[in-house]
Ligand code: ATR
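Residue numbers (this note's numbering): 37 to 319.
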């Protein structure tokens, strides 16, 4: 049980839905293990209440927030400062409150880069297909383009895929509608497939963004959905002989980098990894 006192500092996550977040379990376990006087809470914030929630963060002197679906892009106008990377990406997943000055960061991008590094994946020259064009997709696309990958973005709403691709004026990024015909075409030549949509997330665990027969052994499939840990897409990718990476990796690294910004303490990665797995297998 956490002991809360007048000196305890508050962190949390805002999103909608928020019921299935694994971040509170991960951060609270690590705060406790390291003896840090912090607590991390989930807040369900509706789209139309986002501005008030951010004002509340300032008024209540909340030290830090993570930002998740659907607020990563919409939160930007409510902040005082933007870190350079978050500005380029146009999405924020971490806010730090320094005496009332709110600064937005993007640890999804740096977390994704760490997750790839850890798995020994080198994006340079690879053909990468990214599904989705929301905040998470923007962060992943940006990092992959910076590392020299050859990107195609597919989204249910094709206009958003085009907006996402327009971030990269200096390089060619294809933007297409997410449909079977386009999937057939792009997956035939792809090296890496990344699901950055919420398709397959609890409670819709029987859904998958890609039909089984389009998956192949020479593909690496990365699903950023982490609840369930093994999504239908990842199960079927495994069956097809593809290499798979779960959403745990990105969850872990983005969380570790946010933790360091709020506390100034180096994140104990292996402790965090064990806690997040424990939390998710319990839920
Ligand atoms: P995040 O910040 O995590 O990226 P987001 O900005 O709300 O969240 O983006 C969610 C992504 O999942 C979007 O690309 C969304 O597609 P649309 O732009 O068409 O809304 C995608 N998505 C959500 N539900 C989907 C579904 N049932 N089928 C296909 N794509 C879906």
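Think of the CB as a built atom: it goes at the ideal place given N, C-alpha and C, for glycine as much as any other residue.
Exercise. Just checking, does the stretch 120 to 133 make contact with the stretch 76 to 88 on the three C-beta pairs under 8 Å criterion?
Worked result: no
Exercise. By DSSP, does residue 184 sit in helix, in strand, or in coil?
Worked result: coil
For this session: Determine the DSSP secondary structure at residue 239, reduced to helix, strand or coil.
Result: Coil, per DSSP.
Problem set entry | Residues that DSSP places opposite residue 99 in a beta bridge | As computed with DSSP, residue 99 is found in no beta bridge at all.
For this session: Check the C-beta distance from residue 127 over to residue 169 and give it rounded, since I have them as a contact under 8 Å.
Result: In this structure residue 127 is not in contact with residue 169, their Cβ atoms being roughly 11 Å apart against a cut-off of 8 Å.
For this session: For the stretch 77 to 147, list the alpha helix (DSSP H) runs that are entirely contained and at least 4 residues long, ordered along the chain.
Result: 86 to 95 and 120 to 125
Problem set entry | residue 254 versus residue 277: straight-line alpha-carbon distance, rounded | Here the alpha carbon of residue 254 sits roughly 8 Å from the alpha carbon of residue 277.
Exercise. Taking the beta strand (DSSP E) that residue 233 falls in, what are its first and last residues?
Worked result: Looking at the DSSP string, residue 233 is not in any beta strand (DSSP E), and its letter there is neither H nor E.
Exercise. Should the stretch 255 to 270 be called in touch with the stretch 232 to 241, which here means at least 3 C-beta pairs below 8 Å?
Worked result: yes
Exercise. What is the rounded straight-line gap between the Cα of residue 68 and the Cα of residue 103?
Worked result: 22 Å
For this session: Just mark residue 301 as buried or exposed, buried being the case when its beta carbon has 16 or more other beta carbons within 10 Å.
Result: exposed
For this session: Measure the alpha-carbon distance for residue 193 versus residue 225 and round it to whole angstroms.
Result: Each residue's alpha carbon lies about 23 Å from the other.
For this session: Sort 191, 282, 182 and 213 by Cα distance to residue 204 and report the nearest one.
Result: For residue 204, the nearest C-alpha among the options comes from 182.
Exercise. CB-CB under 7 Å to residue 242, same chain, minus the five flanking residues each way: which ones, in chain order?
Worked result: 268
For this session: Ignore the nearest five residues each way along the sequence and tell me which others in residue 262's own chain have a CB closer than 6 Å to its CB.
Result: 283, 284 and 287
For this session: Mark residue 108 as exposed unless 16 or more other C-beta atoms lie within 10 angstroms of its C-beta, in which case mark it buried.
Result: Buried, by the Cβ-count rule.
For this session: Could you give the DSSP three-state label for residue 281: helix, strand or coil?
Result: strand
Exercise. Is the distance from the Cβ of residue 140 to the Cβ of residue 161 below 8 Å?
Worked result: no
Problem set entry | Where the alpha helix (DSSP H) through residue 220 begins and ends | 216 to 225
Problem set entry | Burial state of residue 135, where buried means 16 or more other Cβ atoms lie within 10 Å | exposed
Problem set entry | In DSSP terms, what residue 257 is bridged to | 229 and 280
Exercise. DSSP on residue 45, reduced to helix/strand/coil?
Worked result: strand
Problem set entry | Range covered by the beta strand (DSSP E) that runs through residue 163 | In the DSSP assignment, residue 163 falls within the beta strand (DSSP E) that extends over 163 to 167.
Exercise. Would you report the Cα separation of residue 46 and residue 72, rounded to the nearest angstrom?
Worked result: 11 Å
Problem set entry | Buried versus exposed call for residue 153 [16 or more other C-beta atoms within 10 Å across all chains shown] | exposed
Exercise. Using the C-alpha atoms, what's the distance from residue 189 back to residue 211?
Worked result: 5 Å
Exercise. Given that a residue counts as buried once 16 or more other Cβ atoms are within 10 Å of its Cβ, and exposed if not, what is residue 295?
Worked result: buried
Problem set entry | Any non-hydrogen atom of the ligand ATR within 7 Å of residue 282 CB | Relative to the ligand ATR, residue 282 has its C-beta separated by 7 Å or more from all heavy atoms.
Problem set entry | C-alpha gap between residue 41 and residue 74, whole angstroms | Looking at the two C-alpha atoms, the distance is approximately 10 Å.
Problem set entry | Whole-angstrom distance between residue 62 and residue 312, CA atom to CA atom | A straight-line Cα-Cα distance of about 5 Å links residue 312 and residue 62.
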